[in-house]
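**Student:** Quick one: the structure is below, and I'll ask about it shortly.
2 protein chains.
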Amino acid sequence: MTTYIAPTKDMQFVLHDLLKVTQSDIPGYSDLEADFTSAILEEAGKITSEVLAPLNAVGDIEGCRLENGVVYTPKGFKEAFDMVCEAGWPSLALDPEYGGQGMPGVIGTAVGEMLNASNQSFAMYQGLTNGAYASIHAHGTEAQKATYLPKMNNCEWTGTMNLTESHCGTDLGLMRSKAAPQDDGSYKITGQKIFISSGEHDMSENIIHLVLAKINGGPEGIKGVSLFIVPKFLINKDGSLGARNGVAVGSIEEKMGIHGNSTCVMNFDDATGYLLGDAHKGMRAMFTMMNHARLGVGLQGLAQADAAYQNAVIYAKDRLQGRAVTGVENPDGPADPLIVHPDIRRSLMDQKSFVEGARAFAYWSATLLDKSERSKDADALGLISLMTPVIKGFLTDEGYDMTVQAQQVYGGHGYIEEQGMSQFTRDARIAMIYEGANGVQALDLVGRKLASDGGKHVMAFFAMVKDFIKENESDEALKADFLEPLKSASKDLQTSAMFFMAEGMKNPNAALSGSSDFMHLFGHVCLGLMWARMAKAASAALAAGASDTEFYETKLATGRYYMARRLPATKLHLARIQSGADTVMALAAESF
Amino acid sequence: MTTYIAPTKDMQFVLHDLLKVTQSDIPGYSDLEADFTSAILEEAGKITSEVLAPLNAVGDIEGCRLENGVVYTPKGFKEAFDMVCEAGWPSLALDPEYGGQGMPGVIGTAVGEMLNASNQSFAMYQGLTNGAYASIHAHGTEAQKATYLPKMNNCEWTGTMNLTESHCGTDLGLMRSKAAPQDDGSYKITGQKIFISSGEHDMSENIIHLVLAKINGGPEGIKGVSLFIVPKFLINKDGSLGARNGVAVGSIEEKMGIHGNSTCVMNFDDATGYLLGDAHKGMRAMFTMMNHARLGVGLQGLAQADAAYQNAVIYAKDRLQGRAVTGVENPDGPADPLIVHPDIRRSLMDQKSFVEGARAFAYWSATLLDKSERSKDADALGLISLMTPVIKGFLTDEGYDMTVQAQQVYGGHGYIEEQGMSQFTRDARIAMIYEGANGVQALDLVGRKLASDGGKHVMAFFAMVKDFIKENESDEALKADFLEPLKSASKDLQTSAMFFMAEGMKNPNAALSGSSDFMHLFGHVCLGLMWARMAKAASAALAAGASDTEFYETKLATGRYYMARRLPATKLHLARIQSGADTVMALAAESF
């Protein structure tokens, strides 16, 4: 059985040493004193470690059960959900106007990491609710907001997003779900949606489905798609629950992982729906939700990697096998622990340096989102938009690889379900797929985000890296171990961006053939930047006489590993990008 | 539901265009005329596509069932096993003296690829039998060989290998299973073994367990380990089955994949065993089995990748989603097929170029093994010994990654068990672990094989690459697309080997910190060499006026992709290797 301990100390390091949140002028940040965030993180850490983590295997083994139209979540999920909601965790970063606690998103991100690390399937019930909340909050009428948000604020009502149909996922213009306008301004929604996470369950008294459908007679394709609010139970004028709406679960999907989350086929049969946002502008409203969701999914990649890593470390210290090549280290035992072996170290360092770098990246991104929303900062919005596909795609691809590595540390025991390491791998696998498969993220990055606003945001990113290097060049230790590798990697990123700009117009396939490589290259540079910044922060703490020297020295050593061993991947990605489309597109489809 | 079609055409290309088997002086090779091998491959292709592939999902869903000490394999497995054995497939490459057909191992390898691609769990029942057969064949007395081999020849009796105990896998010196000598020369074996593939089942009338145990009073540690033959049913003097032996299945492991294979906990309770080979020299006898097994596991990596790839191609051609960026390609449909998109192409080319390169590598390796065994060629034996960990480790790591990529092509549908793509990933995962986890393969490569016989074999490999390049330099097209990249990659391999030699003595951790990278670097150079050779063969066929120009041109284009996009990974591995042990070993164990 696996365990999870929230890494609150490292989270505090990121918030305070690295991001220095209290010094920020983003509204709400000045309240984030270290004692305050520590109290929140410790409390969230407690419930995730003690309540949610033990339910992780239960969810995997039991899964969800559909009986007579009712979905039963795994044993203990409902009680834990009530506990989490009563403690107010879902409303942490939501709008006080509707009952939320109004904390900055960066705190919600830290707590979200814990929820997803301890029990991803469980966290998704809340995660989808937050996404639906965000969409109604941004695009709903005052009446809609007043009706739904206070109840969704703390998951009294939960939410879902209904996009996919069996024949269309990415290409939503092909959808067949229909919306027939009614005299009272509502619509009758008919169609079938698949892969609906948390689509039906027994955890909340109502479920607010956000559903994409085409209004009869509207434009063809994606321009005729609208977004609707379709509650499971209709809501009476007084706010009480009314009749059951025409929406029902058809079946539960049998999946590779996240068994604890009910992934449903949802059938809409003349279900009453209410337009959310403008008619035929459904994609816009959906993207509000999706951008939040994509950052959340990136966080899942990091979270699963951390949970798997923690268990790999425990096993590597505990399992006795072989002797250190440099001499016996555990003379009283029959063998040395796995952790003495260099290849096990390499694997653990891969994992550790990814997890900590990704954490810094995710929280920094959350501050950008906070800045864009709370300070109405257009540059921050541009930057976070640019990086959203990187966060989603890179952190989930790498996060998955790390769960595979963590599983590998267990040897044969890693393949046995009882040990729990397989679950991390199987659960982490979905994050590369949902909310836009990672190939689509790469396409979004190269085909849309890179050149948006005339390339302004990527230029801002380059300038930021350059300025950081320049400002710190006089620090010789930082320069050799961190700034030089960062400079080199950043140059690879710029060279590839230039390649796309030069080729993009005359040969779009050349850019798109390198899109996944570019996404990874970008991700590595972001983590390289984070590690350089963390190294600076750690050095500063040591110079200032911090008592916990071991923590800061470990931070520096872990960063050096990333810069020396992981960051050079940028050169491979660049080489692939520069090889262009010729070899990628050489074959006729029939030749595969 | 997935399908599998044996790639007989490509197999014929490897055997005849590339390896030119009939021109070899290895005994038995001159019989391998194209018509003959074609007939065998077509026949094996038929049974694997029509009988075994449809049972693959059945095995995954049903798994094996233990009831009152009896293990029931999935529905249809027993009938299919009888069919495969009656057709003589297991005995294809076995010794005619004991009923085998005596064909070269390279043919057995091609058929083995099909078996493992169509149904890995099923193929393992035979695969383990072949391994046990090889060990008895090499180390058994004449009486033992006469008793067991004729029945194991065609899986009338099956075999297993019992190494692992719950507290020791790699470090077998820690084992606790005991062997008490009896007056009649036999032993009483007592102990518990775990993770025993095909340990108990209903497919054969007897199961011949090969079991590692320590003879009471023998040397401590690995030097006191002996190998024993422990039949499930004792064998009477007349060869008929006698009493049930003291060996019984304790439980079936619940695993991430290969559910169709019964992975058992085996309990030995005063079971009668017969020493195989010399006392206390069990590891030597076991390694005969293990080296065969490791090549077989490498083949599984390739096989699962091919099966997954084939289905990804079908889906990519069938699924309509989005439009080609260069203009509509399917004007009559609502969207273009996935295969028009560059990032899908990239993924399919990654898979295709790996599968075909790996196939050439595996079959070439089989010819080396044939040469070492049939021609008693010590150089061939040295080379195949050197490359065994590369075949096992690289082909299974990469093979797994390819199943993940194939699954990704399906988007959300790839995560749904019903589609079958998850099974390829889950089944392929074990190959990175069993028969020595890939980290152990890397250790074997760098710590043992690289310097064996004074580095003679790795030098021979370098010379072979160099000679090939030199011989073909006048071919300008080959030179630019294939020889130059190969030269550069081979240089990276040499540089890293030199690094290990220089550092190895004074800092063994420096070599071992780069062991996994070296294994991958080596694997890429091997595939690069194979692709250069295949390009030469394809060009020659085209120059000779071969009618199937599309096949050969596709081969060349696929090779160019590998050289341009995959082979440059050698530089990343080299950079990591050269960074040494400092960052890898920097932390105290407590700092993780």
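Sequence lines, in order, name chains A and L.
Position 497 (the first sequence) corresponds to 512 in our numbering; numbering is contiguous.
Position 498 (the second sequence) corresponds to 513 in our numbering; numbering is contiguous.
The beta carbon of each residue, even a glycine, is placed where N, CA and C say it ideally should be.
Remember, predicted model here, so these are calculated numbers, not experimental data.
1. What first and last residue would you give for the beta strand (DSSP E) that runs through Asn177 of chain A?
2. Between Arg311 of chain A and Gly103 of chain L, what straight-line distance do the alpha-carbon atoms span, to the nearest angstrom?
3. So, with DSSP's three-state summary, where would you put Gly214 of chain L?
4. Rounded to the nearest angstrom, how far is the Cβ of Met281 of chain L from that of Lys208 of chain L, given a contact under 8 Å?
5. Contact criterion: CB-CB distance below 9 Å. Does Ser136 of chain L meet it with respect to chain A?
6. Which bits of chain A does Met281 of chain L rub up against, with CB to CB less than 8 Å?
7. At a Cβ threshold of 9 Å, is Lys506 of chain L touching chain A?
8. Arg548 of chain L and Ser368 of chain L look like a contact to me (Cβ under 8 Å); what is the Cβ gap, rounded to whole Å?
9. Taking Ser192 of chain A as the reference, which of A:Asp198, A:Ser201, A:His182 has the closest Cα?
10. Between Ala601 of chain L and Ala572 of chain A, how many whole angstroms is the CB-CB distance? I'm expecting something under 8 Å.
11. Any beta-carbon of chain L closer than 9 Å to the one on Gly239 of chain A?
12. Can you check whether the C-beta of Met520 of chain L is within less than 9 Å of a C-beta belonging to chain A?
13. What's the gap between the Cα of Met417 of chain L and the Cα of Met271 of chain A?
14. Step through the CB atoms of chain L and report whether any lies within less than 9 Å of the CB of Pro349 of chain A.
15. To the nearest angstrom, how far is the alpha carbon of Cys279 of chain L from that of Cys79 of chain L?
16. Are the C-beta of Tyr576 of chain L and some C-beta of chain A separated by less than 9 Å?
17. Rounding to the nearest angstrom, what Cα-Cα distance links Asn145 of chain L and Ala320 of chain A in this structure?
18. Please compile the residues from chain L whose C-beta is within a distance smaller than 7 Å of the C-beta of Gly206 of chain A.
19. Grab the span of the alpha helix (DSSP H) containing Val419 of chain A for me, first residue to last.
20. Report yes if the C-beta distance between Gly408 of chain A and Gly560 of chain A is below 9 Å; otherwise report no.
21. Expressed to the nearest angstrom, what Euclidean distance is found between the alpha-carbon atoms of Asp442 of chain A and Asn131 of chain A?
22. Please state if the CB of Gln456 of chain A and the CB of Thr440 of chain A are separated by a distance shorter than 9 Å.
23. Using the beta-carbon of each residue, which ones in chain A are nearer than 8 Å to Phe607 of chain L?
24. Tell me which residues share the same chain as Ala258 of chain A and place their Cβ nearer than 6 Å to its Cβ, disregarding the 5 neighbours each side in the sequence.
25. Leaving out five residues before and five after Met304 of chain L in sequence, what residues of the same chain have Cβ atoms less than 8 Å from its Cβ?
26. With the cut-off set at 9 Å, would you say Val86 of chain L and Val264 of chain L are in Cβ contact?
27. On a Cα-Cα basis, can you pick out the residue from A:Tyr163, A:Gly206, A:Ala323, A:Gly184 that is closest to Ile244 of chain A?
28. Identify the continuous alpha helix (DSSP H) that holds Ser133 of chain A and give its terminal residues.
29. What do you reckon, are the CB atoms on Ser511 of chain L and Ile445 of chain L nearer than 9 Å?
30. Measuring straight from C-alpha to C-alpha, what distance separates Glu450 of chain A and Ala308 of chain A?
31. Mind pulling the chain A residues with CB within less than 7 Å of Tyr449 of chain L?
32. Return the chain-ordered ranges of every beta strand (DSSP E) run that is complete within the region 469-509 of chain A and spans a minimum of 3 residues.
33. Mind checking if Asp50 of chain A is an interface residue toward chain L, Cβ cutoff 9 Å exclusive?
34. Shorter than 9 Å from the beta carbon of Tyr567 of chain L to some beta carbon of chain A?
35. Relative to the alpha-carbon of Cys100 of chain A, which residue among A:Ser64, A:Ala59, A:Ile20, A:Ala300 has its alpha-carbon at the smallest distance?
36. Grab the span of the alpha helix (DSSP H) containing Ser277 of chain L for me, first residue to last.
**Tutor:** Straight from the coordinates:
1. Looking up residue 177 of chain A in the first sequence gives position 162. Its beta strand (DSSP E) spans residues 172-177.
2. Here the question's residue 311 of chain A lines up with position 296 in the first sequence. Here the question's residue 103 of chain L lines up with position 88 in the second sequence. With the sequence shown as reference, residue 311 of chain A is identified as Gly, and Arg is not the correct amino acid for it. Cα to Cα, the separation comes out at about 55 Å.
3. As a first step, residue 214 of chain L is located in the second sequence; it is residue number 199 there, counting from the start. Coil.
4. Taking the first residue of the second sequence as position 1, residue 281 of chain L is located at position 266. Taking the first residue of the second sequence as position 1, residue 208 of chain L is located at position 193. The pair is a contact, with the Cβ atoms about 5 Å apart (cut-off 8 Å).
5. Against the second sequence, residue 136 of chain L aligns to sequence position 121. It does not: the Cβ of Ser136 of chain L has no partner Cβ on chain A nearer than 9 Å.
6. Start at 1 with the first residue of the second sequence, and residue 281 of chain L comes out as number 266. Going along chain A, no residue has its Cβ under 8 Å from Met281 of chain L, so there is no contact; the nearest lies around 14 Å.
7. By 1-based counting over the second sequence, the position of residue 506 of chain L is 491. False, the Cβ-Cβ gap to chain A never drops below 9 Å.
8. Numbered from 1 along the second sequence, position 533 holds the residue referred to as residue 548 of chain L. Numbered from 1 along the second sequence, position 353 holds the residue referred to as residue 368 of chain L. Wrong, their Cβ atoms sit about 14 Å apart, outside the cutoff.
9. By 1-based counting over the first sequence, the position of residue 192 of chain A is 177. Comparing Cα-Cα distances from Ser192 of chain A to each of A:Asp198, A:Ser201, A:His182, the minimum goes to A:His182.
10. Taking the first residue of the second sequence as 1, we reach residue 601 of chain L at position 586. Taking the first residue of the first sequence as 1, we reach residue 572 of chain A at position 557. Correct: roughly 4 Å between the Cβ atoms.
11. Position 224 of the first sequence, counted from the first residue, corresponds to residue 239 of chain A. No, Gly239 of chain A lies away from the interface with chain L (no Cβ there is under 9 Å from its Cβ).
12. Position 505 of the second sequence, counted from the start, is the residue given in the question as residue 520 of chain L. Not closer than 9 Å to any Cβ of chain A, the Cβ of Met520 of chain L fails to qualify, so no.
13. Along the second sequence, one-based indexing puts residue 417 of chain L at 402. Along the first sequence, one-based indexing puts residue 271 of chain A at 256. About 17 Å.
14. Here residue 349 of chain A is taken as the residue at index 334 of the first sequence, counted from 1. Judged by the 9 Å Cβ criterion, Pro349 of chain A is in contact with chain L.
15. As a working mapping, residue 279 of chain L is identified with position 264 in the second sequence. As a working mapping, residue 79 of chain L is identified with position 64 in the second sequence. Straight-line Cα distance between these residues: approximately 10 Å.
16. Position 561 of the second sequence, counting from 1, holds the residue named residue 576 of chain L. Closer than 9 Å: yes.
17. The sequence position of residue 145 of chain L within the second sequence is 130, counting from 1. The sequence position of residue 320 of chain A within the first sequence is 305, counting from 1. So the two alpha carbons sit approximately 39 Å from each other.
18. Counted from its first residue, the first sequence places residue 206 of chain A at position 191. Residues of chain L passing the Cβ test: none, with the nearest at roughly 16 Å.
19. Along the first sequence, read from residue 1 onward, the residue named residue 419 of chain A stands at position 404. Here the alpha helix (DSSP H) through Val419 of chain A covers 393-424.
20. Locating residue 408 of chain A in the first sequence gives position 393, where the first residue counts as 1. Locating residue 560 of chain A in the first sequence gives position 545, where the first residue counts as 1. No, the pair does not count as a contact, with Cβ atoms beyond the cut-off.
21. For the purposes of this step, residue 442 of chain A is taken as residue 427 along the first sequence, with counting starting at 1. For the purposes of this step, residue 131 of chain A is taken as residue 116 along the first sequence, with counting starting at 1. Taking the straight line joining both Cα atoms gives about 10 Å.
22. Counted from its first residue, the first sequence places residue 440 of chain A at position 425. Counted from its first residue, the first sequence places residue 456 of chain A at position 441. No, the Cβ-Cβ distance between Thr440 of chain A and Gln456 of chain A is not below 9 Å.
23. Counting from one through the second sequence, the residue named residue 607 of chain L turns up at place 592. By Cβ distance, chain A contributes Val328, Ala331, Lys332, Ile354, Leu363, Lys367.
24. Position 243 of the first sequence, counted from the first residue, corresponds to residue 258 of chain A. Taken in chain order, the residues that qualify are Leu249.
25. Stepping through the second sequence from its first residue, residue 304 of chain L is reached at position 289. The answer, listed in chain order, is Gly146, Ala147, Ala149, Ser150, Met176, Leu225.
26. For the purposes of this step, residue 86 of chain L is taken as residue 71 along the second sequence, with counting starting at 1. For the purposes of this step, residue 264 of chain L is taken as residue 249 along the second sequence, with counting starting at 1. Yes.
27. Position 229 of the first sequence, counted from the start, is the residue given in the question as residue 244 of chain A. Measuring from the Cα of Ile244 of chain A, the nearest candidate turns out to be A:Tyr163.
28. In the first sequence, counting from the first residue as 1, residue 133 of chain A sits at position 118. 120-133 is the extent of the alpha helix (DSSP H) around Ser133 of chain A.
29. As a first step, residue 511 of chain L is located in the second sequence; it is residue number 496 there, counting from the start. As a first step, residue 445 of chain L is located in the second sequence; it is residue number 430 there, counting from the start. No; because the gap between Cβ atoms is not below 9 Å, this pair is not in contact.
30. Taking the first sequence and counting its residues from 1, one reaches residue 450 of chain A at position 435. Taking the first sequence and counting its residues from 1, one reaches residue 308 of chain A at position 293. Straight-line Cα distance between these residues: approximately 7 Å.
31. Sequence index remark: in the second sequence, residue 449 of chain L carries index 434 (1-based). Under the 7 Å cutoff, chain A gives Gly427.
32. none
33. On the first sequence, residue 50 of chain A is found 35 positions in, with the first residue counted as 1. No - not a single Cβ of chain L is within 9 Å of the one on Asp50 of chain A.
34. On the second sequence, residue 567 of chain L is found 552 positions in, with the first residue counted as 1. No - not a single Cβ of chain A is within 9 Å of the one on Tyr567 of chain L.
35. By one-based count along the first sequence, residue 100 of chain A stands at place 85. The candidate whose alpha carbon is nearest that of Cys100 of chain A is A:Ala59.
36. As a position in the second sequence, residue 277 of chain L is number 262, starting the count at 1. Ser277 of chain L -> no alpha helix (DSSP H), and no H or E assigned at all.
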